[in-house]
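Q: Heads up: the first sequence is residues 564 to 1265, going by our numbering.
Glycine included, each C-beta is placed from N, C-alpha and C at the ideal position.
First, the structure itself, so that you have it in front of you.
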Amino acid sequence: MNDTQKPDEGAPPSNFIRDLVVEDRQAGKHGGRVATRFPPEPNGYLHIGHAKAICLDFGVAREFGGTCNLRFDDTNPTTEETEFVDAIQADVRWLGFEPSAVFFASDYFEELYRIAERLIEQGDAYVDSLSEEQIREHRGNYYIAGRPSPYRDRPVAESLDLLRRMRAGEFPDGAHVVRAKIDFNSPNMNLRDPLLYRIRHAPHHRTGTTWCIYPMYDYAHPLSDAIEQITHSICTLEFEAHRPLYDWCIEKAGVFRSRQLEFARLNLTYTVMSKRKLAEMVREGVVRGWDDPRMPTLAGLRRRGYTPEAIRAFCERIGVAKADSTVDVGLLEYYVREDLNRRSPRLNAVLRPLKVVITNFPEGEVRELDCPLHPEDPAAGSRKVPFTRTLLVERDDFREEAVKQWYRLAPGKEVRLRYACLITCDEVVRDDQGQVVELRCTMDPGSWGGNAPDGRTVKGTLHWVSAERSIPLEARLYDRLFRVEEPGTTEGVSFLDEVNPDSLVTVEGRGEPWLASVKPGDGVQFERLAYFCVDPDSRPGRPVFNRTVTLRDSWAKLEAKLTGTQEAKPAPAPKPAKEPKKPKEKAKAPEPAAEVGIEDFQKLDLRVGVVKVAEVVPQADKLLRLEVDLGDGRPRQVFSGIRASYPDPAVLVGKRVAVLVNLKPRQMKFGLSEGMVLAAGGAEGVRVCTFDEGAGPGDRIT
RNA sequence: UGCCGGAUCGUCUAACGGUAGGACGGCGGACUCUGGAUCCGCUAGUCUAGGUUCGAAUCCUAGUCCGGCAACCA
564 MNDTQKPDEG APPSNFIRDL VVEDRQAGKH GGRVATRFPP EPNGYLHIGH
614 AKAICLDFGV AREFGGTCNL RFDDTNPTTE ETEFVDAIQA DVRWLGFEPS
664 AVFFASDYFE ELYRIAERLI EQGDAYVDSL SEEQIREHRG NYYIAGRPSP
714 YRDRPVAESL DLLRRMRAGE FPDGAHVVRA KIDFNSPNMN LRDPLLYRIR
764 HAPHHRTGTT WCIYPMYDYA HPLSDAIEQI THSICTLEFE AHRPLYDWCI
814 EKAGVFRSRQ LEFARLNLTY TVMSKRKLAE MVREGVVRGW DDPRMPTLAG
864 LRRRGYTPEA IRAFCERIGV AKADSTVDVG LLEYYVREDL NRRSPRLNAV
914 LRPLKVVITN FPEGEVRELD CPLHPEDPAA GSRKVPFTRT LLVERDDFRE
964 EAVKQWYRLA PGKEVRLRYA CLITCDEVVR DDQGQVVELR CTMDPGSWGG
1014 NAPDGRTVKG TLHWVSAERS IPLEARLYDR LFRVEEPGTT EGVSFLDEVN
1064 PDSLVTVEGR GEPWLASVKP GDGVQFERLA YFCVDPDSRP GRPVFNRTVT
1114 LRDSWAKLEA KLTGTQEAKP APAPKPAKEP KKPKEKAKAP EPAAEVGIED
1164 FQKLDLRVGV VKVAEVVPQA DKLLRLEVDL GDGRPRQVFS GIRASYPDPA
1214 VLVGKRVAVL VNLKPRQMKF GLSEGMVLAA GGAEGVRVCT FDEGAGPGDR
1264 IT
């Protein structure tokens, strides 16, 4: 190990939750004891966002020698199922955490009920007999004051009697509720006499039909925490406004004082995290199930080949704060690669095969090569790989015309076959359609082992398999589930319409013989391609591999630079260039943004366009739809939010305006917007920039 | 037109009145029988305007922008 160790080697990065826990301990609260809990509702599968919470809850407990319970928040019998209870427990353990205890909020129903009776006796709660609709009505809203329910001051004895009869099942759903008597006109809506209990004649997954009244989250949660003597009740930001209620329950019930702390939930680019949306994708058949390898669920990530170590490292790295944030999914991918690089055996598989015949290698002969399973880890051992006259290489590794940076196969070029020998492409064989179907190559007989006898350097190394001595395999090439960075945030567009149609591409490939022995769950690296994980769908003799994550592909990056584009390639796609920020986020900042260089400005292609059509968009109150002639034969459609300044859009027709033509087209509810019209705001509203007669359509504006 | 939060490199995050640091990304280089891995270097930030202070990302004031809150959901 290294003696010159870095300052925070090993120490988890500090965050405000840990700081608060440290503060509490220093203040001597609870004698320094730390107890947390992870409280999922069993109505769906855990996802990577939960992983962040789990790492925090269990991590804090572990760090301070405390405990962390797994507690199912099962207070709503109509949405919860044991299937989820089992899956959640399995996921937590898979992630690497063992709960100090497993509890259910339903374990406490009896105690919760007794406390409710007490609150009524104390005059801190009452039974309300208004309808759901009326309660909502009386509650008012952010701007309208709340009004007391006529039942608010009903005698204690009457409330108590009603509560007992509610429990006894004398009333139908909705007939009565228990409400806290706090402040019917609080500026915090959560305090406007919130509901504590409602009647639900529905069987519960654990208590069956024992109960027909069920406590609400805001009531059950603080009291469950109290019963378990939780010292720090960590939850997400949206519960911040509930904290006064959390404290109220503890106060009025006179129970153990736990403290609620809130942090920002995790968002990830190119995915969705809400249970509702995940469930919808399962229901709509967009994915094959909760454990579809494209899902951000722990079950999905596991099947995809993500490791608990990678997920934990990721969760540690992203930190914990109170500001909303969206983490680049690339960071998650970085951590899987880092982990998988260490542990995955290297094997060869060809996913889109192209036949290569080594003309100077005898027909029928087989040469067994001994190849390491991990070039950086000799302890991983080796395997035998058969070399024969007819081989298969990746189609992508051959190019008819090669630029000088191309190290791979091309007519006349020499490359190395990994762990085998050097070959030169002599001849390209085509079929009737002109498709390349075979390469005829010669090998350098002195190059066995991979090095040239004369010491010449060969930069390209290709993976390959023997055509006959290889096995068939199915590879499921997964990509990001969505094609936009933040699905579901474009107005008028459903997140379901933003699903990446190429998020799963299945190919039939060939793998080296060693691959016949893999078992579901095994992870491997197919050299030069990606990490893969064996899917449970595998059958003997025909394994199925899920692509976990591609290897970094610096050739793709180089090529994109050479071509000057970043078009999505079917294979390991280069990371799409960062999209320009959404206008929403850029806002209409009056002050200039960060300084840009002249080269940035030159990226903007501004052209003169003549307005042909200008009309209001009926469904939108700020938009005009323009058709602009840019001199390229086809008018462009542009939606522009300038309607307020142009009550009569017709005045724009015939105007010469400035159009940003290389703006990424944006799909809007009303159609595709293929550019942006320059406008400036002044005293009399926003005006589009116009030009005089001299400028013609399509002229570049510099 | 209310209440509660929040704002630091492109992204995530640290700095707790005293050198704005790390990670990812990007760029450049070294090395390489994976255009992988590894290593090195560079790039880039305190929302705005005032104030307090010897000194402000940090404290104060005003503003801007973003998020959450009106289930008998959690």
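Measuring only the C-alpha atoms, how far is Ile986 from Pro949?
A: In the first sequence, the residue the question calls residue 986 occupies position 423. In the first sequence, the residue the question calls residue 949 occupies position 386. Cα to Cα, the separation comes out at about 16 Å.
Q: Out of Leu1078, Tyr897 and Thr799, point me to the one whose CA is closest to Leu936's CA.
A: Residue numbering aside, residue 936 sits at position 373 when the first sequence is read from its first letter. Leu936 has its Cα closest to that of Leu1078, out of Leu1078, Tyr897 and Thr799.
Q: Can you tell me whether Val966 is buried or exposed, with buried defined as 16 or more other CB within 10 angstroms of its CB?
A: Here residue 966 refers to the residue found at position 403 of the first sequence. Counting Cβ neighbours within 10 Å, Val966 comes out exposed, since fewer than 16 surround it.
Q: Note down the Cα distance separating Glu1037 from Val1028, rounded to an integer number of angstroms.
A: Counted from its first residue, the first sequence places residue 1037 at position 474. Counted from its first residue, the first sequence places residue 1028 at position 465. The alpha-carbon atoms of Glu1037 and Val1028 are separated by roughly 15 Å.
Q: Whose C-alpha, out of Lys1022, Leu1067, Gly1072 and Glu1048, is nearest the C-alpha of Glu1061?
A: The sequence position of residue 1061 within the first sequence is 498, counting from 1. Nearest C-alpha to Glu1061: Glu1048.
Q: By alpha-carbon positions, which one of Asn753, Val741 and Asn748 ends up nearest to Tyr777?
A: As a working mapping, residue 777 is identified with position 214 in the first sequence. Residue Val741 is the option with its Cα nearest to Tyr777.
Q: For the beta strand (DSSP E) holding Gln823, just list the boundary residues, first then last.
A: Position 260 of the first sequence, counting from 1, holds the residue named residue 823. Residues Arg822 to Phe826.
Q: Quick one: measure Cβ to Cβ for Val956 and Leu914, integer angstroms, because I've assumed they're closer than 8 Å.
A: As a working mapping, residue 956 is identified with position 393 in the first sequence. As a working mapping, residue 914 is identified with position 351 in the first sequence. Val956 to Leu914, Cβ: 11 Å. No contact.
Q: State the Cα-Cα distance for the pair Val1171 and Thr1126, rounded to the nearest angstrom.
A: As a first step, residue 1171 must be located in the first sequence, where it is residue number 608. As a first step, residue 1126 must be located in the first sequence, where it is residue number 563. Roughly 27 Å between the two C-alpha positions.
Q: Quick check: Thr642 and His768, are their CB atoms within less than 8 Å of each other?
A: Along the first sequence, one-based indexing puts residue 642 at 79. Along the first sequence, one-based indexing puts residue 768 at 205. Not in contact: Thr642 and His768 (Cβ atoms no closer than 8 Å).
Q: Tell me whether the beta-carbon of Arg625 lies closer than 8 Å to the beta-carbon of Arg600.
A: For this step, residue 625 is matched to residue 62 along the first sequence. For this step, residue 600 is matched to residue 37 along the first sequence. Contact: no.
Q: With a CB to CB cut of under 6 Å and the five nearest residues on each side skipped, what residues in its chain are close to Ser1277?
A: Lying outside 564 to 1265, the shown extent of the chain, residue 1277 is not represented and no answer is given.
Q: Taking 8 Å as the cut-off, does the region 834-849 touch the region 781-790 (at least 3 CB pairs, one atom from each stretch)?
A: Flag = no, the region 781-790 and the region 834-849 do not touch.
Q: Which full runs of the alpha helix (DSSP H) of 4+ residues lie inside the region 1081-1137, going along the chain?
A: DSSP runs (the alpha helix (DSSP H)) wholly in the region 1081-1137: 1117-1126.
Q: Between the C-alpha atoms of Glu1190 and Lys1124, what's the straight-line distance to the nearest angstrom?
A: Indexing the first sequence from 1 puts residue 1190 at position 627. Indexing the first sequence from 1 puts residue 1124 at position 561. Going from the Cα of Glu1190 to the Cα of Lys1124 covers about 33 Å.
Q: When the distance is taken between beta carbons, is Arg828 closer than 8 Å to Thr799?
A: By 1-based counting over the first sequence, the position of residue 799 is 236. By 1-based counting over the first sequence, the position of residue 828 is 265. Yes; because the gap between Cβ atoms is below 8 Å, this pair is in contact.
Q: Using DSSP bridges, identify the partner residues of Asn830.
A: In the first sequence, counting from the first residue as 1, residue 830 sits at position 267. Paired residues: Thr889.
Q: Could you tell me whether the region 673-680 touches the region 654-662, where touching means 3 or more Cβ pairs closer than 8 Å?
A: Verdict: no, contact absent.
Q: List the DSSP bridge partners of Leu1036.
A: Taking the first sequence and counting its residues from 1, the one referred to as residue 1036 is at position 473. For Leu1036, which the question treats as bridged, DSSP gives the partners Gly1072.
Q: Name the residue from Thr630, His764, Thr832 and Asn1109 whose alpha carbon lies nearest to the alpha carbon of Asp1098.
A: Taking the first sequence and counting its residues from 1, the one referred to as residue 1098 is at position 535. For Asp1098, the nearest C-alpha among the options comes from Asn1109.
Q: May I ask which residues mark the beginning and end of the beta strand (DSSP E) holding Gly1172?
A: Position 609 of the first sequence, counting from 1, holds the residue named residue 1172. Start and end: Leu1169 to Val1179.
Q: For Ile707, is the classification buried or exposed, using 16 other Cβ atoms within 10 angstroms of its Cβ as the cut-off for buried?
A: On the first sequence, residue 707 is found 144 positions in, with the first residue counted as 1. It counts as exposed.
Q: Span of the beta strand (DSSP E) holding Pro916?
A: In the first sequence, counting from the first residue as 1, residue 916 sits at position 353. Pro916 to Ile921 is the extent of the beta strand (DSSP E) around Pro916.
Q: Roughly how many angstroms separate the alpha carbons of Leu1074 and Tyr869, rounded to a whole number?
A: As a first step, residue 1074 is located in the first sequence; it is residue number 511 there, counting from the start. As a first step, residue 869 is located in the first sequence; it is residue number 306 there, counting from the start. Leu is not the amino acid found at residue 1074; the sequence shown has Gly there. Whole-angstrom Cα-Cα distance: 22 Å.
Q: Hey, how far is the Cα of Arg962 from the Cα of Pro974?
A: In the first sequence, counting from the first residue as 1, residue 962 sits at position 399. In the first sequence, counting from the first residue as 1, residue 974 sits at position 411. Each residue's Cα considered, the two are about 8 Å apart.
Q: Taking Cβ positions, are Val892 and Thr832 nearer each other than 8 Å?
A: The count along the first sequence starts at 1 and reaches residue 892 at position 329. The count along the first sequence starts at 1 and reaches residue 832 at position 269. Yes, they are a contact pair.
Q: Between Val1179, Val999 and Gly594, which has its C-alpha nearest Ile793's C-alpha?
A: For this step, residue 793 is matched to residue 230 along the first sequence. When only C-alpha atoms are compared, the closest one is Gly594.
Q: Measuring alpha carbon to alpha carbon, tell me which residue in Glu964, Ser907, Asp960 and Phe802 is nearest Glu939.
A: Start at 1 with the first residue of the first sequence, and residue 939 comes out as number 376. Ranking Glu964, Ser907, Asp960 and Phe802 by Cα distance to Glu939 puts Ser907 first.
Q: Mind checking who Pro949 pairs with in its DSSP beta bridge?
A: Translated into positions along the first sequence, residue 949 becomes position 386. According to DSSP, which records beta bridges pairwise, Pro949 is partnered with Glu931.
Q: On the DSSP letters alone, give me the boundaries of the alpha helix (DSSP H) that Ile683 sits inside.
A: Locating residue 683 in the first sequence gives position 120, counting from the first residue. Its alpha helix (DSSP H) spans residues Phe672 to Glu684.
Q: What's the gap between the Cα of Glu1154 and the Cα of Thr1053?
A: Taking the first residue of the first sequence as position 1, residue 1154 is located at position 591. Taking the first residue of the first sequence as position 1, residue 1053 is located at position 490. In this prediction, Glu1154 has a pLDDT of 27, which is less than 50 and means its spatial position is unreliable; what the coordinates show is noted afterwards. Each residue's Cα considered, the two are about 25 Å apart.
Q: Could you tell me the alpha carbon to alpha carbon distance between Gly504 and Gly1013, rounded to whole angstroms?
A: The structure shown does not extend to residue 504, since the chain is modelled only from 564 to 1265, so the question has no answer here.
Q: Just the C-alpha distance for Arg875 and Ala942, rounded to the nearest angstrom, thanks.
A: Within the first sequence, residue 875 is the residue found at index 312, counting from 1. Within the first sequence, residue 942 is the residue found at index 379, counting from 1. About 26 Å.
Q: When we look at the beta-carbon of Ser1057 and count the other beta-carbons within 10 Å, is it buried (16 or more) or exposed?
A: In the first sequence, residue 1057 corresponds to position 494, counting from 1. Burial call: exposed.
Q: Please list, in chain order, all residues of the same chain as Val1179 whose beta carbon is under 7 Å from its beta carbon, the five residues on each side excluded.
A: Within the first sequence, residue 1179 is the residue found at index 616, counting from 1. Counting only Cβ-Cβ distances below 7 Å, and skipping sequence neighbours, we find Leu1187, Arg1206 and Pro1212.
Q: Do three or more CB pairs link the region 730-749 to the region 687-697 at distances below 8 Å?
A: Segments in contact, yes.
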